[in-house]
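Asker: Let me begin by handing over the structure; questions about it come next.
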Amino acid sequence: MMRALPAFACAAMLCMLGFSGCKKKDTLDQIPPEPVPQADTTFEEPEPFAGIDTSDEATFREAELEAELQRQVRENLKPVYFEFNSYALTPESADNLAGSASFLMEHPNMRVLIEGHCDERGSSEYNMGLGENRARAVKNYLTNYGVPAIQLEITSWGKERPV
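So for the sequence shown, the numbering used here puts the first residue at 938; every next one is plus one.
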């Protein structure tokens, strides 16, 4: 057994040397890198008004025109005020109506409802008549100035809707 011990020791030493000489190198598994997506560097000029619904644009333009016309109406068609218990036009009212007449003649498709109002004093019947006379006085002035009667309509509110 003594003879076997040195042989065994030599065999063990050779194995150790053999294994240490054949040690596998530590390497990282090489994974090929994923391709990096390239940024798109092409530039396309957008089409003018692309993505805009032109019918909405037309509707928007119509609304702008309508708002402008309403502003002009408020600016040019001023209210007319009368003295108590009267349907005679004052000089100030006549001046306002001259501007209104010019505006209406420039807009022949425009229709105007002339409303006659009164205050709460007096009977309903009297105030309805007074309101109608006031509306008629305004209509007569405008037609005498040159506004076609077809553009004008009158109504009386009497004291039902005081100003």
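C-beta atoms are modelled at their ideal positions from N, C-alpha and C, and glycine is treated no differently.
Do S1093 and G1068 count as a contact pair if the criterion is CB distance below 8 Å?
Answerer: Translated into the one-based positions of the sequence shown, residue 1068 becomes position 131. Translated into the one-based positions of the sequence shown, residue 1093 becomes position 156. Contact flag set, yes.
Asker: Could you check which residue in P1099, Y1078, R1058, E1090 has the C-alpha nearest to that of N1022?
Answerer: As a position in the sequence shown, residue 1022 is number 85, starting the count at 1. Out of P1099, Y1078, R1058, E1090, R1058 has the C-alpha closest to the C-alpha of N1022.
Asker: Within the chosen definition, does the stretch 1038-1048 reach the stretch 1062-1077 through at least 3 CB pairs nearer than 8 Å?
Answerer: Verdict: no, contact absent.
Asker: Considering only DSSP beta bridges, list what V1049 is partnered with.
Answerer: In the sequence shown, counting from the first residue as 1, residue 1049 sits at position 112. Looking at the DSSP assignment, V1049 forms a beta bridge with L1089.
Asker: Looking only at its chain, what residues have a beta carbon closer than 6 Å to the beta carbon of D1056, apart from the 5 residues adjacent to it on each side?
Answerer: Sequence index remark: in the sequence shown, residue 1056 carries index 119 (1-based). Excluding positions up to five away in sequence, the list reads P1099.
Asker: Per DSSP, V1054 is paired with what?
Answerer: Locating residue 1054 in the sequence shown gives position 117, counting from the first residue. The sequence as given places His at residue 1054; Val does not occur at that position. According to DSSP, H1054 bridges with G1095.
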